[in-house]
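For reference, the structure is listed below as structure tokens.
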């Protein structure tokens, strides 16, 4: 089990980190040894799907608590299993090494609903997606190449930065925001994650996969660790188009899997932006939600 | 074929009586009253439509009493919670009838937040012959009044009016999923995801919280309440089901707060079928006591289980509703169908149980003969007054002529809500925005 603050260990200490360009976990040494790659592929896409489902909650009407609890439990279960067989660790390392395009961020940012408009101002002007988080492990070169958004995100992920602006793909569905619990305050950021970033020692990379590891504080990790700090940019028109046409075969997972040949971790999110209507989001209300999102974002951001 | 003749014993020539097409709105609940004379439906638009059974006609004995619209009223309106900036849906989640005590009918209807008690009464007479106002209601000129008379009740066209007698509000932070009237006919419970509240039917400004599973830190929430029901005879006992597949029986005499159960029903998980979806499909969507009070029935995603109240460690009977979906769970998770909440219902004698499925199919299981049947509620596939043909879903490669393959099933056509007449073999099935009523054939 991977614990915070402990130096990451490879199963084979002498082995080099997975080289960039390769997609984990199929090529991760520990993972491929213990699991079939198709199982871990499926598990990964299930995890991604679940995270997206948790994000896409209907903000105009209170979301269904039972459904969210069940999805969150599934996510927790997957994370626990992945941590147990070391896949998690390998995967995040592999991602860190891989070159990832920055435009992914735009698509995933749209998926992040803002629940807290006024937190930690000045830290990061843009919300950080899951992918963005992983990309934070890049060296600084990647930061320079990408656009302003990514740069801002990267800089906040550097170990030198005192505060972690972290991915909020789960946006604390239970503990945060008015839609879940009247008593909880908005923007109840888990301060612990900042400690994580400081404690975690990496081989020179920004190492913060602790966020995603399922340790004893899985619940917090899942629900409250991350939050969206700042308003979401206007939705990507490509994404709108994506949701506007729900492919009837969407509920065939095979379609999704075969549509994207290299399904590395979080590549699923990439597939949403780069591929056609393999819409994983099944609810047609997402379409109207995105329009609502525009409107709500304008209100929340203020003028 | 032998199998078909056996299934005929249960379906026993169910006729399709009428197809009541409601408005465009989707029916969200159906419920017979305790005599079966009335059938109430609630829909997504907050309306309640009550059907009444015709008196059986002596001149036409073959024509069993049919159900006609008796009353329609708007029970709940959409609301806006300004504090949370969220809409409160007007969709009727549940309707429960109170047993009839006088000429009027009473029912409880609830949306996500508010329970209302409605009185449905008939008016077929009106007083005529007032002294101070004329028949139109206008005040008469006092100087024209020369004599006194007593107003007389004259017959009028039957008018059915529904009035809201009580509004029970502001007691639920989360969405109400069920209500249940106690056998004492004085109290009832309303249940949301995390709490069960006990009300007195007469008192609207106060309720008692009797179950609260909300954790101190919402981050630790892993289980919610999915349904709750009072025992049909014991006014101190109720049961509630959870999203983790367990049922707790509580005795209100033990403590004011029934967080500690008196019985706990859960089937141990079969490790061989474990998957990431195991928990989701074990989540119980409905719990119903049998009429005799000895059994509990629960519905999870793939099965219906009958529990003996005296045996907590495993169910008495398990019935597979649509096991062919077990291999499709990932797709069903993706399109959210795996979260569909199907209801289940007992027949009057507790010998047959019924529940819905996809493709407008619904299933009946005879507990004594162990036979089951799949029927379809659809206009295209059955003519009025025709006997319903049993349907079959084929799972293997070879599909027979009348069978339908799993991949052809329409998952948007789901039968979530069904109800069974308390005494006779009459069932009401809600298929999206259509209501189907089926009766036993008259010989």
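Protein chains in written order, with my numbering: chain U, 5 to 307; chain P, 40 to 482. Cβ coordinates follow ideal geometry from the N, Cα and C atoms, glycine included.
Closest residue to residue i among the options (Cα-Cα distance)
i, options, result
"residue 85/P", "148/P, 137/P, 78/P", "148/P"
"residue 376/P", "207/P, 357/P, 390/P, 398/P", "398/P"
"residue 154/P", "135/P, 170/P, 139/P", "135/P"
"residue 75/P", "144/P, 113/P, 122/P, 356/P", "144/P"
"residue 266/P", "48/U, 70/U, 78/U, 295/U", "70/U"
"residue 329/P", "461/P, 426/P, 303/P, 444/P", "461/P"
"residue 478/P", "472/P, 105/P, 315/P", "105/P"
"residue 281/P", "274/P, 253/P, 184/P", "253/P"
"residue 342/P", "256/P, 357/P, 418/P", "357/P"
"residue 424/P", "416/P, 336/P, 290/P", "416/P"
"residue 224/P", "230/P, 238/P, 214/P, 436/P", "238/P"
"residue 209/P", "320/P, 222/P, 244/P, 146/P", "244/P"
"residue 534/P", "111/P, 66/P, 71/P", "For residue 534/P there is no data in the structure shown, the boundaries of chain P being 40 and 482."
"residue 448/P", "437/P, 431/P, 440/P, 378/P", "431/P"
"residue 277/P", "334/P, 402/P, 411/P", "334/P"
"residue 228/P", "268/P, 194/P, 214/P", "268/P"
"residue 64/P", "389/P, 270/P, 113/P, 434/P", "113/P"
"residue 118/P", "150/P, 246/P, 107/P, 141/P", "150/P"
"residue 303/P", "312/P, 288/P, 296/P", "288/P"
"residue 485/P", "359/P, 365/P, 183/P, 404/P", "An answer regarding residue 485/P cannot be provided, because it is not within the stretch 40 to 482 covered by chain P."
"residue 451/P", "396/P, 405/P, 165/P, 428/P", "396/P"
"residue 346/P", "374/P, 285/P, 380/P", "285/P"
"residue 226/P", "240/P, 115/P, 83/P, 469/P", "240/P"
Within-7 angstroms CB hit, residue i to chain U
i, result
"residue 347/P", "no"
"residue 63/P", "Its pLDDT being 45, under 50, residue 63/P is placed unreliably in this model, and the value from its coordinates should be taken loosely. No, no contact with chain U."
"residue 60/P", "Bear in mind that a pLDDT of 48 at residue 60/P, under 50, signals an unreliable position, so the number given afterwards is only what the model happens to contain. It does not: the Cβ of residue 60/P has no partner Cβ on chain U nearer than 7 angstroms."
"residue 232/P", "yes"
"residue 131/P", "no"
Whole-number beta carbon distance between residue j and residue i, since they are thought to touch under 8 angstroms
i, j, result
"residue 382/P", "residue 338/P", "7 angstroms"
"residue 6/P", "residue 235/P", "Only positions 40 to 482 of chain P appear in this structure, which leaves residue 6/P out of reach."
"residue 80/P", "residue 455/P", "Residue 80/P to residue 455/P, Cβ: 13 angstroms. No contact."
"residue 190/P", "residue 174/P", "Incorrect: roughly 11 angstroms between the Cβ atoms, too far for contact."
"residue 138/P", "residue 217/P", "About 18 angstroms separates the two Cβ atoms, so there is no contact after all."
"residue 483/P", "residue 368/P", "Summary: the structure shown does not reach residue 483/P, with chain P confined to residues 40 through 482, and so no result is reported for it."
"residue 75/U", "residue 60/U", "Not quite, the Cβ-Cβ distance comes to about 11 angstroms (not below 8 angstroms), so this is no contact."
"residue 45/U", "residue 79/U", "About 17 angstroms; that fails the 8 angstroms criterion."
"residue 110/P", "residue 89/P", "4 angstroms"
"residue 193/P", "residue 164/P", "6 angstroms"
"residue 362/P", "residue 453/P", "No, residue 362/P and residue 453/P are not in contact; Cβ-Cβ is about 17 angstroms, not under 8 angstroms."
Residue-chain proximity (residue i, chain P), Cβ-Cβ < 7 angstroms
i, result
"residue 50/U", "yes"
"residue 78/U", "yes"
"residue 66/U", "yes"
"residue 60/U", "no"
"residue 74/U", "yes"
"residue 297/U", "no"
"residue 55/U", "no"
"residue 45/U", "no"
"residue 301/U", "no"
"residue 261/U", "Per-residue confidence for residue 261/U stands at a pLDDT of 35, beneath the threshold of 50, marking its modelled position as unreliable; the derived number appears in the next sentence. Chain P contact via Cβ: absent."
Chain-ordered neighbours of residue i on chain C, where CB pairs are closer than 8 angstroms
i, result
"residue 81/U", "Reference to chain C is not applicable here, since the protein chains of this structure are U and P."
Would you call the segment 155-164 of chain P and the segment 257-268 of chain P touching, i.e. three or more CB-CB distances under 8 angstroms?
Short answer: they don't touch.
Output needed in chain order: residues of the segment 257-284 of chain P with a Cβ under 9 angstroms from some Cβ in chain U.
257, 258, 259, 260, 261, 262, 263, 264, 265, 282, 283
Under 9 angstroms, CB to CB, which of the residues in the segment 379-404 of chain P have a partner in chain U?
380
Output needed in chain order: residues of the segment 314-335 of chain P with a Cβ under 8 angstroms from some Cβ in chain U.
315, 316, 318, 319, 322
Can you find at least 3 beta carbon pairs, one from the segment 191-208 of chain P and one from the segment 116-129 of chain P, that sit closer than 8 angstroms?
no
Cβ contact check for the segment 298-313 of chain P and the segment 344-356 of chain P: 3 or more pairs under 8 angstroms
Three or more pairs of CB atoms, one per stretch, sit closer than 8 angstroms, so the segment 298-313 of chain P contacts the segment 344-356 of chain P.
With three or more C-beta pairs closer than 8 angstroms as the rule, is the segment 453-460 of chain P touching the segment 382-396 of chain P?
yes
Near-chain U residues of the segment 112-129 of chain P (beta-carbon distance less than 9 angstroms), N- to C-terminal order:
120, 122, 123, 124, 125, 126, 127, 128
Which of the residues in the segment 187-220 of chain P, read from start to end, lie with their CB under 9 angstroms from any CB of chain U?
212, 213, 214, 216
If contact means a Cβ-Cβ distance below 9 angstroms, which residues of the segment 361-374 of chain P contact chain U?
The segment 361-374 of chain P vs chain U, Cβ under 9 angstroms: 367, 369, 370, 371, 372, 373, 374.
Closer than 9 angstroms between beta carbons: that is the criterion. Which residues of the segment 85-101 of chain U meet it against chain P?
Cβ proximity to chain P below 9 angstroms picks out 85 from the segment 85-101 of chain U.
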